[in-house]
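Novice:
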Amino acid sequence: MEEIITLISVSTNHSRELLVVQSVKMSTLVSSTVKLAIVMTCSALVHAIGALGIASNMVNIVVFSAQGFSETVNISLVTLAVSDLLTILTAQWLVLCLNPWFQADLSLAFYAPEVQTLTGGYPHIFFSRVSAWITAFISLERAVAVTQPFKVRRIFTRGLTTVFNIAVFPVVWTGAAPLYTTAWLGEKFFPDPLNSTLLGLLFSSSHRNVMSATSPLFEVCGPITNFCIIIVCTAIIRIKVQSMARWRSKVTGSHNQTTDFRGQIGLAKTAKNQKQSKELSPETEKIDGGETSQTCTDYAMPDTTEKLPDSEHGPSAVVPRSRYAVQELPKPSASNKPPASFARTLNSDQSLDTVNAGLKTNNPLSNKERRLVVMVSAVAAIFIACYTPLVAQVAARILIPELSSTGRYRALNASLGTVGIMLGCLNASINGFVYWRMSSNYRATFLKVFAVCRNRV
9 MEEIITLISV STNHSRELLV VQSVKMSTLV SSTVKLAIVM TCSALVHAIG ALGIASNMVN
69 IVVFSAQGFS ETVNISLVTL AVSDLLTILT AQWLVLCLNP WFQADLSLAF YAPEVQTLTG
129 GYPHIFFSRV SAWITAFISL ERAVAVTQPF KVRRIFTRGL TTVFNIAVFP VVWTGAAPLY
189 TTAWLGEKFF PDPLNSTLLG LLFSSSHRNV MSATSPLFEV CGPITNFCII IVCTAIIRIK
249 VQSMARWRSK VTGSHNQTTD FRGQIGLAKT AKNQKQSKEL SPETEKIDGG ETSQTCTDYA
309 MPDTTEKLPD SEHGPSAVVP RSRYAVQELP KPSASNKPPA SFARTLNSDQ SLDTVNAGLK
369 TNNPLSNKER RLVVMVSAVA AIFIACYTPL VAQVAARILI PELSSTGRYR ALNASLGTVG
429 IMLGCLNASI NGFVYWRMSS NYRATFLKVF AVCRNRV
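In terms of my numbering, the sequence shown is residues 9 to 465.
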């Protein structure tokens, strides 16, 4: 795709400066028409998704605050909801300023493409970076929880979590601060087609040097670093959870086989007792001349009674030496032989509750923690899917300098940037639905909180 691009250069000849204007056909990959279609479509989607996202994140803040902060992850989830809410709000203003129809409004007292840089573009990037670092922190915490479950509460204390979620805002802001120290909004004249003085973007003489030194840190190193942290932590969580699931499935299967085998032994014992009880005759006890008849289901044993002197218990007292005979359990057949791992349990007649206690010792994560791990993994996976195009664009800018707002491929850059804004807005809006789907505690708190609100109304 070729487009006529106007190049302006300054030629110096001793004391004279000549302004040279050239029109050159250059390949832009994306035409202005395609760019317009992409920008308009993504802008509409951002407004639609953002409306749901604003409501969703406000609900998230209320629900997690109602749950309390005894769980440190709730602190991070509330901060993430606040950051996501601000990300969506700045995205709404940003795409509005990028809308060509809005830019063509002559009644505006400002030039939207320039004003949006300080009021929409960089604030949106800032809050999206904050959300990325909070997501990375949550993913790291859950990764430690599945790998070192007994140490996670000592490492990620409430104080550490609170300090991080507060400090992440000013720390990330240091990357955007150089722009605001070398650029500001002021009145400037815009030639055709506006031909008027409007509020626009002004720069200091050191702006270019400052931005060239700080932009790689804010726009390249930061996004790629937290993106890699989230990918690594999510992979660790997924591998560990799958390993634990396979282990539990294997042990539970052996546990069930042992339970069935012990049940078969019990049935065999009951059947043999019933059969032998029919062959035994009733036994009579006589004490102090009284006579009571009692049917005994014990096994017959030779010489199991002892006659005591008449002076103590009457003339004919007969006292059983043993009330119960010892029987030998039938040996299991080869087909019903339990797994070797449970031989010690059977030999010592260990209860099944002890086996369950062993399962909990080897797998200390509770059901609640496992569900939380899965939920955090889902949030991280959505983040990875939504921010992969943006990170790819950032990496491409390093390799292709012309992929910038003023370079040859500025139309492609604007199109990719708008798609990235839309995906970032989607990521910031969808978390509430993930919480509702995967957290029963979230659903219960939501219904409780808003049931109270409904009753008050």
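In this text, a Cβ means the ideal position worked out from N, Cα and C, and glycines have one as well.
Quickly, what does DSSP pair T205 with across the bridge? List them, please.
Specialist: DSSP output for T205 lists F197 as bridge partner(s).
Novice: State the DSSP-derived secondary structure class of F77, mapped to helix, strand or coil.
Specialist: Three-state DSSP puts F77 in coil, outside helix and strand.
Novice: Taking contact to mean at least 3 C-beta pairs separated by less than 8 Å, is the stretch 377 to 394 in contact with the stretch 441 to 461?
Specialist: The answer is yes - the stretch 441 to 461 touches the stretch 377 to 394, with three or more Cβ pairs under 8 Å.
Novice: Using DSSP bridges, identify the partner residues of W192.
Specialist: Paired residue(s): L210.
Novice: Which first and last residues belong to the alpha helix (DSSP H) in which F135 is found?
Specialist: Run containing F135: 130 to 155, per the alpha helix (DSSP H) assignment.
Novice: Report the option in F172, L207, P186 whose CA atom is closest to the CA atom of A221.
Specialist: It is P186.
Novice: State the DSSP-derived secondary structure class of T453, mapped to helix, strand or coil.
Specialist: In this structure, T453 counts as helix in the three-state DSSP scheme.
Novice: So what's F501 in DSSP terms, helix, strand or just coil?
Specialist: Outside the shown range of the chain, which is 9 to 465, sits residue 501, and nothing can be said about it.
Novice: Which word fits G58, buried or exposed, when buried means at least 16 other C-beta atoms lie within 10 angstroms of its C-beta?
Specialist: Classification for G58: buried.
Novice: If you draw a straight line from the alpha carbon of P131 to that of A436, how long is it in whole angstroms?
Specialist: About 15 Å.
Novice: Would L104 and A120 qualify as a contact pair, given that the criterion is a beta-carbon distance under 9 Å?
Specialist: Yes.
Novice: Can you pull the DSSP bridge partners for F118?
Specialist: F118 pairs with L207.
Novice: Under DSSP, the alpha helix (DSSP H) around I429 begins and ends at which residues?
Specialist: Unbroken alpha helix (DSSP H) run through I429: 418 to 446.
Novice: For the alpha helix (DSSP H) containing V218, list its first residue and its last residue.
Specialist: Taken as a continuous stretch (DSSP letters only), the alpha helix (DSSP H) holding V218 covers 215 to 223.
Novice: Since I believe L209 is in contact with T125 (beta carbons under 8 Å), could you give me their beta-carbon distance rounded to a whole number of angstroms?
Specialist: Sure, about 6 Å apart at Cβ, within 8 Å.
Novice: Among T189, S40, L455, which residue has its Cα nearest to the Cα of R216?
Specialist: Per the Cα distances, T189.
Novice: Please classify Y227: does DSSP put it in a helix, a strand, or coil?
Specialist: In the sequence under discussion, the amino acid at residue 227 is Glu, which differs from the Tyr named in the question. Three-state DSSP puts E227 in a helix.
Novice: Tell me where the alpha helix (DSSP H) around P108 begins and ends.
Specialist: Note, P108: alpha helix (DSSP H), 108 to 111.
Novice: Given N107, which residues of its chain have a CB within under 6 Å of its CB, disregarding the five upstream and five downstream residues?
Specialist: Answer for N107: S51, listed in chain order.
Novice: Between I232 and the rest of its own chain, which residues show a CB-CB distance below 8 Å, the 5 nearest in sequence each way excluded?
Specialist: Cβ neighbours of I232 beyond the five flanking positions: V399, V402, A403.
Novice: Are the beta-carbon atoms of F172 and V138 separated by less than 9 Å?
Specialist: Result no, Cβ atoms of F172 and V138 do not sit closer than 9 Å.
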